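Numbering (the numbering used here), first residue to last: 1 to 682. Everything on this sheet refers to the single structure shown next.
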């Protein structure tokens, strides 16, 4: 509270120990973040659902592995985050989600089941990434991939890609809000005691997985982690959706080399070759075999053991791939122009490690014998077609397990395969590719001044923290450009795929409701001031030329409209008495925006008005506050804040200050009362 008895925001008081003015507001800690502050002061370990639960990092909010410490019943969202709605998917609203229970935990972070408190308590899943630069940057790619797929490619009722609902920053963690789905196919197989599914069920699941991968291939997006754990059921139905795009990348800029779960890893990843969407089709072949057999086909305990099982089942890899692989020498010896797979003892000696001995899970060593002789579940209508079904399944797997990614089956071709369609394999010819095969590596699509002009409107700012990087990334994203997250600065270059540029230009960008980089306009309030020195109401406008005279009929009409509004206010204030001062009556206490304050002694901008005692206010940058009134005028002014719904001629609301002499009005009334009394006496 200042000398005049008026409260000030505590953030305006300079603090020597204030860590981050943008995010460490004491007022916010004791209001919007009161629950977080309370939990830090009085921790209840029984409610903590994060492991480890001991706070160590990020001002005691994170544990030792950079995971946010979450308690059951916590409220997370832009309403309670220090970053606020500006670092979210929709800056026009505050969001809050109550944590119900944990759904999973991994190297990326944690996933929780929550309810949306602002949307009829609908259940959602929230993925909270670790507070680490690598996970933060990859999280931005995951958000952009989901938004591209949901907005431009995977639309409609039968979409097969996880639906993103929101994303926001929460104490330096990226949180991704998605729809809540059912159990995954791995646990479904486990409940089936790893005996495999029926042919009808396999076809139904594979058809939906291939549809999802076809969408990804058309968008030039590589999932990089297709496996049964990342394929979830929609409720109690047999409909599925593909989830977990935390490792996803664009074909033209493949970022990571160590990707895919080992049992579903393609040979080009093991050998260190450039990769494309073809690695996801290798994973589909592994999943199809697992659906049929009940256990993984290539259950390798290491990358060496994985290659051993591939060669044992499918034969030797082609020399063309081995010659170009950056890791070929780790697993193969070159003798006489031919490559030979190393013995296990040689590999262990060179790596100075001890490997788990190879285990044979199947009685057969060839893929053909395994498919033809393994027990199969068929319906009564398929009994006569068992041989035909086995032949078509073997052909499907063989085309998925082609070593060379150029010749591997694509999602479009797989959807037309006889095994998926349930038709005869005899006379089948593989259709041509819809999407041409390309090996890009790491190619930036745009850089330099052209990129900065297109993505950031030619403006470069100094990026000093994750909040600013988040805003810069999303600003470029809504302009149709994807920032190269491998560089420290977002202004280096773009990794936008050609397919996204094309569809972005065709559809005119993202919907308007998704636009992020817009300033939040504070609530506009009209202020009325009553002055003792004037009897007439005088108004001031925002325009610097408000005092200039003009004979234009249009301006005359505007003046008449303003006068009519002032007349309404005048009639209202004539009814007021001195007892209706704002300090005496809470009904007319001023509503002042806490976001802004004025530097000038009278709370005015450089603008001038006709009246010498009136003060003009800049509507966009400044607002009138009681604190800014000069002490010499405090006794003469009564401040009343009114909400006026009328709009000016330009369609925008403006603040107007109107002054009147209350003392002269009082004298006038007393004079009139005396005259009435005298008349009565006469």
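Think of the CB as a built atom: it goes at the ideal place given N, C-alpha and C, for glycine as much as any other residue. These numbers come from a predicted model, not from an experiment.
Pairwise C-alpha distance: residue j and residue i
i	j	result
residue 485	residue 463	13 angstroms
residue 430	residue 439	22 angstroms
residue 361	residue 76	46 angstroms
residue 196	residue 226	18 angstroms
residue 423	residue 397	16 angstroms
residue 276	residue 206	20 angstroms
residue 537	residue 668	Low confidence applies here, because residue 537 scores a pLDDT of 40, under 50, leaving its location unreliable; read the following figure in that light. Looking at the two C-alpha atoms, the distance is approximately 16 angstroms.
residue 643	residue 666	Low per-residue confidence applies at residue 643: pLDDT is 37, beneath 50, and the placement is therefore not dependable enough to give any value.
residue 153	residue 497	14 angstroms
residue 301	residue 228	18 angstroms
residue 471	residue 89	11 angstroms
residue 456	residue 395	50 angstroms
residue 217	residue 140	20 angstroms
residue 243	residue 372	33 angstroms
residue 161	residue 212	6 angstroms
residue 128	residue 83	15 angstroms
residue 340	residue 402	19 angstroms
residue 125	residue 49	15 angstroms
residue 428	residue 191	36 angstroms
residue 390	residue 257	35 angstroms
residue 116	residue 98	7 angstroms
residue 321	residue 279	14 angstroms
residue 145	residue 165	13 angstroms
residue 71	residue 47	5 angstroms
residue 158	residue 319	43 angstroms
residue 178	residue 163	6 angstroms
residue 460	residue 441	28 angstroms
residue 336	residue 342	15 angstroms
residue 502	residue 495	14 angstroms
Member of the options whose CA lies at the smallest distance from the CA of residue i
i	options	result
residue 352	330, 168 and 46	330
residue 151	504, 670 and 334	504
residue 184	58, 314, 104 and 441	104
residue 308	292, 262, 128 and 117	262
residue 365	231, 479, 159 and 312	312
residue 106	68, 86, 122 and 123	68
residue 201	219, 57, 95 and 239	239
residue 274	506, 55, 101 and 437	437
residue 510	493, 477, 488 and 100	477
residue 214	479, 671, 305 and 434	434
residue 409	96, 282 and 147	282
residue 304	254, 149, 469 and 332	332
residue 232	118, 354 and 182	182
residue 95	86, 245 and 482	86
residue 113	100, 204 and 221	100
residue 406	420, 432 and 55	432
residue 108	167, 60 and 246	246
residue 285	680, 400 and 56	400
residue 292	419, 481, 678 and 224	419
residue 59	204, 482, 111 and 131	131
residue 314	344, 203 and 369	369
residue 493	169, 143, 209 and 473	473
Beta-bridge pairing of residue i - partner residues as DSSP gives them
i	result
residue 155	DSSP, once it has assigned bridges, lists no residue as partnering residue 155.
residue 102	112
residue 244	None; residue 244 has no bridge partner.
residue 179	124
residue 170	173
residue 164	178
residue 222	249
residue 231	242
residue 483	494
residue 129	109
residue 446	494
residue 184	232
To test your reading of the DSSP string, which unbroken beta strand (DSSP E) runs of 3 or more residues are found completely within the segment 36-95?
Those beta strand (DSSP E) runs which fall completely within the segment 36-95 and span 3+ residues do not exist here.
Curious, which full-length alpha helix (DSSP H) runs of at least 4 residues does the segment 279-361 contain?
If we require 4 residues or more, the alpha helix (DSSP H) runs fully inside the segment 279-361 come out as 303-314, 319-324, 328-331 and 344-351.
State whether the segment 370-382 contacts the segment 316-336, with contact taken as three or more CB pairs (one from each stretch) at a distance under 8 angstroms.
Look at the beta carbons and you see the segment 370-382 not touching the segment 316-336: under three pairs across the two are nearer than 8 angstroms.
Determine, using beta-carbon pairs with one atom in the segment 186-193 and one in the segment 249-267, whether at least three such pairs fall under 8 angstroms.
Contact fails: fewer than three Cβ-Cβ distances are below 8 angstroms.
Below 8 angstroms, how does it come out for the segment 133-146 and the segment 173-180: are there three or more Cβ pairs, yes or no?
They touch, by the three-pair rule.
May I ask you to verify whether the segment 407-418 touches the segment 290-299, counting CB pairs closer than 8 angstroms and requiring at least 3?
Contact between the segment 407-418 and the segment 290-299 is absent, with fewer than three C-beta pairs closer than 8 angstroms.
For the 8 angstroms Cβ check, are there 3 or more pairs between the segment 459-478 and the segment 436-450?
The segment 459-478 makes no contact with the segment 436-450; the number of CB pairs closer than 8 angstroms stays below 3.
In chain order, which alpha helix (DSSP H) runs of at least 4 residues are fully inside the segment 415-473?
Complete alpha helix (DSSP H) runs here, min 4: 418-421 and 449-456.
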